[in-house]
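When we follow the working numbering, the leftmost residue of the sequence shown carries the number 733, and every step to the right adds one. Heads up: the structure comes next, in structure tokens.
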Amino acid sequence: MHDFSPNLGYDYFLKCNLYQEMGKNDSAYVCSKKAYYTKPRHLYYYKMATYLARVNKDTTEINKMFKLYSSYRKDKESYIYYVESLARSYYNIEKLKMIVDKELLIYPKNKELMEFKDYVYKMEQYNAHKN
733 MHDFSPNLGY DYFLKCNLYQ EMGKNDSAYV CSKKAYYTKP RHLYYYKMAT
783 YLARVNKDTT EINKMFKLYS SYRKDKESYI YYVESLARSY YNIEKLKMIV
833 DKELLIYPKN KELMEFKDYV YKMEQYNAHK N
């Protein structure tokens with residue numbers, strides 16, 4: 733399929749799904765990134781690549797993918813998925829707090845972002861008492 737339409741990225745997406753079903757997350761991650769960077773505006777490719785970056789705790793790649801995706805689209809769903817992926821990758825709490833506050837300026841009435849703000853502040857308090 734790639735030979736006929738190299739700009740589609742669907743073949744990489746299919747390979748990614750197959751590798752995931754087989755439990756080969758490293759190979760799935762490579763294919764998901766290829767699919768995403770072939771079609772960086774595609775929400776499902778973005779979510780799949782971000783999810784596998786989250787599984788691999790690759791916060792640098794999560795930030796890079798979000799920056800590219802948000803240059804094309806600015807939607808609530810991608811912002812929420814971005815914050816959730818960073819939080820589940822054990823991203824720096826101070827930086828995560830700044831990202832959530834910045835996004836709340838864009839989407840002030842977003843219920844999910846408000847919940848994430850509470851979650852991040854609870855994480856910060858938990859870590860402060862832990863040390």
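Backbone N, C-alpha and C fix where the C-beta goes; we use that ideal spot for every residue, glycine too.
Cut-off 6 Å between Cβ atoms - residues of its own chain near residue i, not counting five sequence neighbours on either side
{"i": "Met733", "result": "Reliability fails at Met733, whose pLDDT of 47 lies under 50, so the model's placement of it is uncertain and the value that follows must be treated cautiously. Hits under 6 Å: Asp743."}
{"i": "Tyr814", "result": "Phe798"}
{"i": "Tyr823", "result": "Thr791"}
Local conformation of residue i per DSSP, three classes
{"i": "Gln857", "result": "helix"}
{"i": "Lys829", "result": "helix"}
{"i": "Met846", "result": "helix"}
{"i": "Tyr823", "result": "coil"}
{"i": "Tyr813", "result": "helix"}
{"i": "Tyr744", "result": "helix"}
{"i": "Asp758", "result": "helix"}
{"i": "Tyr839", "result": "coil"}
Length of the line joining the Cα atoms of residue i and residue j
{"i": "Lys843", "j": "Leu836", "result": "10 Å"}
{"i": "Glu816", "j": "Ile831", "result": "11 Å"}
{"i": "Met780", "j": "Gln857", "result": "31 Å"}
{"i": "Glu895", "j": "Leu784", "result": "The question about residue 895 has no answer, for the chain in this structure spans 733 to 863."}
{"i": "Tyr868", "j": "Lys756", "result": "Only positions 733 to 863 of the chain appear in the structure, and residue 868 is not among them; the question remains open."}
{"i": "Ile812", "j": "Glu793", "result": "16 Å"}
Beta-carbon contacts of residue i that lie in its chain and below 8 Å, excluding the five residues immediately before and after
{"i": "Tyr853", "result": "Lys829"}
{"i": "Glu809", "result": "Leu775"}
7 Å CB neighbourhood of residue i in its chain, flanking five on each side removed
{"i": "Ser759", "result": "Tyr751"}
Subject >> Complete beta strand (DSSP E) runs within the region 761-803 (minimum length 3 residues, chain order) >> reply: none
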